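K.L.:
Here it is, the structure in full.
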Amino acid sequence: MHTVTLIKGDGIGPDIMDAAVAIIDASGATIHWEEAEAGLGAYERHGDALPEATLASFAKNRVAFKGPLTTPVGKGFRSINVALRQQYDLYANVRPAKSWRGVTSRYDDVDIVVVRENTEGLYAGLEHYLTPKKDIAESLAVITRQGSERIVEFAFRYARENQRQKVTVCHKANILKYTSGLFLDVAREVAARYPDIAFDEKIIDATCMHMVMNPAQFDVVVTTNMFGDILSDLTAGLVGGLGLLPGANIGTDAALFEAVHGSAPDIADKNIANPTAVIMAGVMMLQYLGEHTAAQRIERAIAQVIAEGRYVTPDLNPQSTTGTREMAEAIIAALR
Ligand code: NAD
Numbered sequence: 037m038h039t040v041t042l043i044k045g046d047g048i049g050p051d052i053m054d055a056a057v058a059i060i061d062a063s064g065a066t067i068h069w070e071e072a073e074a075g076l077g078a079y080e081r082h083g084d085a086l087p088e089a090t091l092a093s094f095a096k097n098r099v100a101f102k103g104p105l106t107t108p109v110g111k112g113f114r115s116i117n118v119a120l121r122q123q124y125d126l127y128a129n130v131r132p133a134k135s136w137r138g139v140t141s142r143y144d145d146v147d148i149v150v151v152r153e154n155t156e157g158l159y160a161g162l163e164h165y166l167t168p169k170k171d172i173a174e175s176l177a178v179i180t181r182q183g184s185e186r187i188v189e190f191a192f193r194y195a196r197e198n199q200r201q202k203v204t205v206c207h208k209a210n211i212l213k214y215t216s217g218l219f220l221d222v223a224r225e226v227a228a229r230y231p232d233i234a235f236d237e238k239i240i241d242a243t244c245m246h247m248v249m250n251p252a253q254f255d256v257v258v259t260t261n262m263f264g265d266i267l268s269d270l271t272a273g274l275v276g277g278l279g280l281l282p283g284a285n286i287g288t289d290a291a292l293f294e295a296v297h298g299s300a301p302d303i304a305d306k307n308i309a310n311p312t313a314v315i316m317a318g319v320m321m322l323q324y325l326g327e328h329t330a331a332q333r334i335e336r337a338i339a340q341v342i343a344e345g346r347y348v349t350p351d352l353n354p355q356s357t358t359g360t361r362e363m364a365e366a367i368i369a370a371l372r
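Written out as structure tokens, the structure reads:
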């Protein structure tokens, strides 16, 4: 029995997390869920977007399954997602995007894993105004040799363990000669230690163009925090949208699993959010916990439901009247 901290989150969070938990419970995995609060809802209820009890639960269990959290834009409390990743040093953000049979999208052969550095770069939280009038603002990007080395090492290890052929490092070292330059230098050093895995390097803007025109040339992509955040939304767009992309935040002794997408306030409380991204995040969590049989059963069942195209949410089939709950029921019925 694994005890997992369960944070349902804001917006569409409770709907999609209830769906994912029901499927994981039906899959044969033995998970004890310890529910905890975080995000805008927690802030409104308790005046604290990341209550002590939630931190204590995650600190004890070291594994969390989390719905999306709303972060006020341009004001208010700091992102709880970023705070959790930094506090527990969840330095590797793994975001796999693959084509699904039955989903209409631009390509049918995409299989790209973005490995994003999760604790440094422009998301280090070093932002301030330089003048009392607040008409000049500054953000500092922090890149360290140690942080770069462990994320690129992670990407190469991931490639080796998952029978991947190539790692591409994405950077902007032509302009950001110190920060991106350091990341690229370290990536080249690490790559030399993995002669069995092909290595490629691309400037981030060119990466975006190449990825849209010919995504099959990418396999594992490793990059700094903000580039990885943006690039993984691009890969989501290539395979059919944000409703499909899971993410794992992995540290040396803790891990947090979530969807790539946010709380989608535009579709909250409508029972139309696609639960696939968080269910697949649940599959990544089960693999991390060694529950491989349950993980495979769920992945097969989702693939079947999506390929049939009948019981899927409207983002995958605009004619569909299937809701989040009904899609989850269809996946449970397809578990074998
Ligand atoms: P979003 O990802 O919530 O939504 C972007 C678009 O994708 C919306 O049109 C939405 O309806 C659609 N979408 C997202 N998830 C979907 C799903 N499961 N099924 C169908 N459609 C889906 O991004 P946003 O609107 O820019 O952000 C909303 C809030 O979420 C913000 O407060 C942001 O800070 C937060 N956010 C949180 C996380 C996280 O918790 N890890 C990640 C990203 C954004």
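In the working numbering, the protein residues as written are 37 to 372.
Every residue gets a Cβ at the ideal spot worked out from N, C-alpha and C, and that includes glycine.
Please read these numbers as outputs of a predicted model, since none were measured by experiment.
(1) Just the Cα atoms here: how many angstroms apart are Y124 and A290?
(2) Would you check whether ligand 1 has a heavy atom nearer than 7 Å to the C-beta of S141?
(3) Shortest alpha-carbon distance to E365 belongs to which of P311, T140 and L105?
(4) Using only the alpha-carbon positions, how far apart do L220 and D84 sit?
(5) In this structure, how does DSSP classify F190 when only helix, strand and coil are distinguished?
(6) What separation, rounded to the nearest whole angstrom, lies between the Cα atoms of K102 and Y324?
(7) Tell me which same chain residues have a C-beta within less than 7 Å of the C-beta of P251, skipping the five on either side of it?
(8) Taking the alpha carbon of V205 as the reference point, which residue from S216, N198 and Q340 has its own alpha carbon closest?
(9) In three-state DSSP terms, what is N154?
(10) With a Cβ-Cβ cutoff of 8 Å, do N261 and E88 count as a contact?
(11) Are the Cβ atoms of L281 and R131 separated by less than 8 Å?
(12) So the candidates are V118, A78 and H297; which of them puts its Cα closest to the Cα of I48?
(13) Could you name the residues, in chain order, whose CB is less than 5 Å away from a heavy atom belonging to ligand 1?
(14) On the three-state DSSP scale, how would you describe N198?
(15) For P350, which residues of its own chain have a beta-carbon under 6 Å away from its beta-carbon, when the five flanking residues on both sides are left out?
(16) Output needed for V319: all residues of its chain with C-beta closer than 6 Å, excluding positions within five of it in sequence on either side, in chain order.
(17) Taking C-beta to C-beta, are F254 and M245 nearer than 8 Å?
(18) Rounded to the nearest angstrom, what separates G359 and V40 at their Cα positions?
(19) When you compare each of H82, I233, A119 and T90 to G161 by their alpha carbons, which one comes out closest?
(20) Less than 8 Å between the CB atoms is what I'm expecting for S184 and L212, so what's the real figure, rounded?
(21) If you run the structure through DSSP and keep just helix, strand and coil, what is N97?
(22) Use the C-beta contact count for H207: other C-beta atoms within 10 angstroms, 16 or more gives buried, fewer gives exposed.
(23) Taking the alpha-carbon positions, what's the E327 to I59 distance?
P.N.:
Taking the structure as given:
(1) Taking the CA atoms as reference points, Y124 sits about 7 Å from A290.
(2) The answer is no for S141.
(3) Looking at P311, T140 and L105, the one whose alpha-carbon comes closest to that of E365 is P311.
(4) Roughly 39 Å between the two C-alpha positions.
(5) Helix at F190.
(6) Straight-line Cα distance between these residues: approximately 15 Å.
(7) Closer than 7 Å at the Cβ level, and outside the excluded window around P251, lie Y143, V146, I148 and L274.
(8) Residue S216 is the option with its Cα nearest to V205.
(9) In this structure, N154 counts as coil in the three-state DSSP scheme.
(10) Taking 8 Å as the Cβ cut-off, N261 and E88 do not qualify as a contacting pair.
(11) It is a contact, given that the beta carbons lie within the stated cut-off.
(12) Per the Cα distances, H297.
(13) Matched residues: P104, L105, T106, T107, N117, L278, G279, H297, G298, S299, A300, D302, I303, A309, N310 and D351.
(14) Residue state, collapsed to three classes: coil.
(15) For P350, where only same-chain residues beyond five positions count, the Cβ hits under 6 Å are I308 and S356.
(16) Answer for V319: A331, I334 and E335, listed in chain order.
(17) Not in contact: F254 and M245 (Cβ atoms no closer than 8 Å).
(18) Distance between the alpha carbons of G359 and V40: 27 Å.
(19) Nearest in C-alpha terms to G161, of all of H82, I233, A119 and T90, is A119.
(20) By a beta-carbon distance limit of 8 Å, S184 does not contact L212. Their separation comes to about 13 Å.
(21) Three-state result, N97: helix.
(22) Classification for H207: buried.
(23) Straight through space, the alpha carbons of I59 and E327 are spaced by roughly 14 Å.
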